[in-house]
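Residue numbers (my numbering), protein chains in the order written: chain A, 1091 to 1803; chain B, 15 to 408.
The structure appears below as structure tokens.
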Ligand SMILES: [Zn+2]
């Protein structure tokens, strides 16, 4: 809202300079976002320093969308009286135009004042045009300018119809008819809905109520008689209409926030005074005020004690009625309550924001001054709850993943459909936005991986080769709803290069000393992070080819057993990303393989133990016996199968089985693979003998030969 | 003839000589200097044994022979060490610095390049433990890099905020990002068609999404206030929580706007909670997050869910309040929105709005991170450029 200070001075004395005024308004909740030099107003020399203040008016204070509204605040701040601008005395009413508020329109228009005027349409005088322009409104002609001037000065929107272009000399306030249209002042023909209120003549809609007038009854140079409208429209009705038509105007902006229901006649009188002042017109008869059910003003009880309880300060009891009266409230002193005064406060019509006690406490706080609030600290009356598990878990995840060399990414929750599409599991669907900013942000991410792949591509395109990123966040799908997940992407070398490492490998398109990261680098990260959460994962080959975003045969389903659940819980997947997926996102050719994993944190939680119930076991007191075993088996046999066979045969003294070598090639039969395992045996109660371990090893050997046709090497 | 050097003199001279050995030729030269048949220092020492007095002869002979053995061992060990390094050294020596594979990856490339010039020197790798023969290290070569990742800067700030408020007795709670209209707006004193809904341009879902509650999700939350409503619906007062999380607005990205950003909201509801407590708590929070001399200023504002509402400013972190371009010469930066919880909000969750008062605040983590780390562009947080991420504390 742009306020010309010299205009303000006509209504209230401003006893301070521009900067102090701006500061005072800001401190009272009307932020002055800029102070601009005032234009010269011909014929209305400023009585003091002048400027145009650009004020940010919060949505609860539509009464301050006017010079008068700001003047009321200035009057209260500096304890000065308001000087009302001149109002015309209404002559006797006439019935030349009949105004009807139809029953179906009464709720959205409880009050409609109108009057007629003979006009001589010409440009407004320079002072009026200059003031309108200073406020950001384009001057049009004397009649239209008067309605706009009243809106800027008093805050009440008005409208003028060319009376001779209205059919049947009547105005009807009614809902739009089915399929009714109106051509608005901006030249657009608008299709109306039956929940929209219109002002119509005997035949058709001539204005969208509270939003915009119609072009067919627009005041033009040829207009001789006008019907002036000064009404009050329901905020919700105006807002809905304005939104549906995608049409926001100065009038709709005010009505949808709440206009003063007491203002229509006052605004009309002001308009007639201005028409007379600029010689643009004279009233034909008086003001017809259609206000069948006058509203009772809001009265609110205010307790001094409550002010202190909310604000935490002791505001002087005398200050309260004084400041509220200055703001236009009517005060009656009530009985003391517990030794403190109370008041009954009646709000003026323009204070549409005041409904209950707290609204008055705000007024007291604003004018008492926020800068006078001291700082205190709230007592803690109850021990705070322990940190939520989910929070602790995420912090732990971050610690483990950053320690594992992965940096954290945060990517957008909404993505391009093309980025999300490859990651949609079979039978599921993307969640779309109804009003996305653009196609780049059209769907909610079905997984964290699309965002991470994009982040990886971004870094790769900037010359990075070793990229390890993770993200913890929510995913969205039609089938599963919103779920928490963690995802990791790994690209580049398996370890940082060092000058002292002699061996040389090929990573991507350039030479390097260390091998490129592979599936097992990723698997190690996944194992480590799950271990931190108390989950022992099992990697298994997926049924079929696995998720479509991985290279067939190069991905695993990550599973774990969950307490109280019979079958393994699927935590997620890990594998080598299908090169076409990354290429489609702009990954440069020759970038090497990307390995990626994503886990569902809800499933991880189900599979996880309670870390807080850890019971330590004493370090082993008896020595372990370690035996290596190397066998040749079918190439397609998973190491896990061999491990399970060993475990099934061995007694409890087998405490660890770990594969430490895998070899295919010369010396090993066609279609065979050599696997080597290290077995650790130990008992907690005594030292094992070689003989018993030897016996176990023989049993294991037999089992492997019979179960897997293993040959020993 | 110059007086004979003592055994200790020769041992010291050899140690010094070995330290300077940089090539096989140097090693040969050192050998000649000490073990050469004609002018070798040890050879001379052994010869002198014959000239010593009978008392000294035995002991001197034993010492001189021991020294000769020591030197021979040291020379042999050094020869072995350099032989073991030779393939590596030769292989690497052919690389010019510009061919180094890691050159594109920041400082590591530069370090490798710096190392390449000394590969033809005798390396310390594989040197035996004997004191005289310990090979000399080029300690200026870089160590083996320990690869660690970094938290995202927004996480770093978020966790710092969580820690501050946890220390002040607040519980950290979370909620869904896909919200229903009731929890995002209506329960917060924003009924349908409320003009304040315009303050938060909302992204809606094309079709309702099932959620864990009985209300399907229809929009992306514009603030984490819904979390507070859910908490109050399920907990008895007093309430002392913060709700951090991602929020979404239909804002076109620019320097200071991102359609997704991180927010923390705080809520305190109890008997006798006052606006001065709000000011004191926020002052404490900002002083810990920034500097102990940070000043806090309240200004009246409007939010539908708080009344009275205050915008919270802190003294400018760039100019310490003197006025600069960032704070538009005011010395103050707007950082938070806050206020006393509107009684209608307490009533919506079934709380007694007469007995209880409360306050709430909301702050953009991105905004605080921008001020704390002087990041110029909010969009940089979502590009995830490792060159930015790696600058932040672990
Ligand atoms: Zn500054």
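Just so it is clear, CB atoms sit at the ideal spot from N, CA and C, and this is done for glycine as well.
- Item | Run of the alpha helix (DSSP H) containing residue 1666 of chain A, from where it starts to where it stops | Here residue 1666 of chain A belongs to no alpha helix (DSSP H); instead the beta strand (DSSP E) covers 1658 to 1667.
- Give me the Cα-Cα distance between residue 1413 of chain A and residue 1398 of chain A, rounded to the nearest whole angstrom. 16 angstroms
- How about residue 332 of chain B: is its Cβ closer than 8 angstroms to a heavy atom in ligand 1? yes
- Where does residue 244 of chain B land, buried or exposed, given buried means 16+ other C-beta within 10 angstroms? buried
- Item | residue 1678 of chain A versus residue 1492 of chain A: straight-line alpha-carbon distance, rounded | Looking at the two C-alpha atoms, the distance is approximately 26 angstroms.
- Find the nearest neighbour of residue 1512 of chain A within the set A:1615, A:1523, A:1667 and A:1550, judged by alpha-carbon distance. Looking only at A:1615, A:1523, A:1667 and A:1550, the smallest Cα-Cα distance to residue 1512 of chain A is reached by A:1667.
- Any idea if residue 1804 of chain A is buried or exposed, counting beta-carbon neighbours within 10 angstroms, 16 or more meaning buried? This structure leaves residue 1804 of chain A out entirely; chain A is present only between 1091 and 1803.
- Query: If the cut is a Cβ gap below 8 angstroms, which residues of chain B does residue 1502 of chain A touch?
  - Reply: Under the 8 angstroms cutoff, chain B gives 273, 274 and 396.
- Message: Following a CB-centred definition, is residue 183 of chain B positioned closer than 8 angstroms to any heavy atom of ligand 1?
- Response: no
- Message: Tell me the residue span of the beta strand (DSSP E) that contains residue 1265 of chain A.
- Response: Where residue 1265 of chain A is concerned, the enclosing beta strand (DSSP E) stretches over 1260 to 1265.
- Item | Proximity to residue 171 of chain B [Cα-Cα], best of B:196, B:183 and B:259 | B:259
- Task: Check the Cβ of residue 262 of chain B against every Cβ in chain A and list those closer than 7 angstroms, keeping chain order.
- Result: Correct list: 1503.
- Taking buried to mean at least 16 other C-beta atoms within 10 Å of its own C-beta, is residue 1799 of chain A buried or exposed? exposed
- the segment 1470 to 1481 of chain A: positions lying closer than 9 angstroms to chain B by Cβ: 1470, 1471, 1472, 1473, 1474, 1475, 1476, 1477, 1478, 1480 and 1481
- Item | beta-carbon residue 1402 of chain A near ligand 1 non-hydrogen atom, thresh 8 angstroms | no
- Message: Using CA atoms only, rank isn't needed, just tell me which of B:174, B:44 and B:215 is closest to residue 29 of chain B.
- Response: B:44
- Item | Range covered by the beta strand (DSSP E) that runs through residue 278 of chain B | 274 to 284
- Query: Beta carbon of residue 344 of chain B, beta carbon of residue 328 of chain B: below 9 angstroms?
  - Reply: No; because the gap between Cβ atoms is not below 9 angstroms, this pair is not in contact.
- Message: Counting C-beta neighbours from all protein chains within 10 Å, is the total for residue 319 of chain B 16 or more, i.e. buried, or is it exposed?
- Response: buried
- Which runs of the alpha helix (DSSP H), 4 residues or longer, sit entirely within the segment 1699 to 1783 of chain A? Counting whole runs of 4 or more residues, the segment 1699 to 1783 of chain A contains the alpha helix (DSSP H) stretches 1729 to 1739.
- Query: Sorry if obvious, but does the Cβ on residue 1276 of chain A come closer than 8 angstroms to a heavy atom of ligand 1?
  - Reply: no
- By Cβ distance below 7 angstroms, which residues in the same chain neighbour residue 1195 of chain A in space, the five residues on each side in sequence not counted? 1263, 1264, 1265 and 1287
- Report buried or exposed for residue 1693 of chain A, applying the criterion of at least 16 other Cβ atoms within 10 angstroms of its Cβ. buried
- Message: Please determine whether the Cβ atom of residue 347 of chain B lies at a distance below 8 angstroms from any heavy atom of ligand 1.
- Response: yes
- Message: Between the alpha carbons of residue 1222 of chain A and residue 1359 of chain A, how many angstroms are there, rounded?
- Response: 19 angstroms
- From residue 1154 of chain A to residue 1349 of chain A, what distance separates their C-alpha atoms? 10 angstroms
- Residue from A:1260, A:1345, A:1589 and A:1308 whose Cα sits closest to the Cα of residue 1272 of chain A: Per the C-alpha coordinates, the member of A:1260, A:1345, A:1589 and A:1308 positioned closest to residue 1272 of chain A is A:1308.
- Please find out if some non-hydrogen atom of ligand 1 comes closer than 8 angstroms to the beta-carbon of residue 340 of chain B. Proximity of the beta carbon of residue 340 of chain B to ligand 1 is indicated: a heavy atom of the ligand is located closer than 8 angstroms.
- Query: Which same chain residues, not among the five before or five after residue 1181 of chain A, have their C-beta less than 8 angstroms away from its C-beta?
  - Reply: 1373, 1375 and 1376
- Beta carbon of residue 336 of chain B: closer than 8 angstroms to some heavy atom of ligand 1? yes
- Message: Against chain A, with Cβ distances strictly below 9 angstroms, would residue 399 of chain B count as a contact?
- Response: Contact of residue 399 of chain B with chain A is assigned, a C-beta pair being separated by under 9 angstroms.
- Can you tell me which of the three DSSP states residue 1174 of chain A falls into? coil
- Message: Can you list, in chain order, the residues of its chain with a C-beta nearer than 7 angstroms to that of residue 1127 of chain A? Leave out the 5 residues immediately preceding and following it.
- Response: 1141
- Task: Please compile the residues from chain A whose C-beta is within a distance smaller than 9 angstroms of the C-beta of residue 150 of chain B.
- Result: Contact annotation for residue 150 of chain B against chain A: no contact, minimum CB-CB distance about 15 angstroms [criterion: below 9 angstroms].
- Message: Against chain B, with Cβ distances strictly below 9 angstroms, would residue 1581 of chain A count as a contact?
- Response: no
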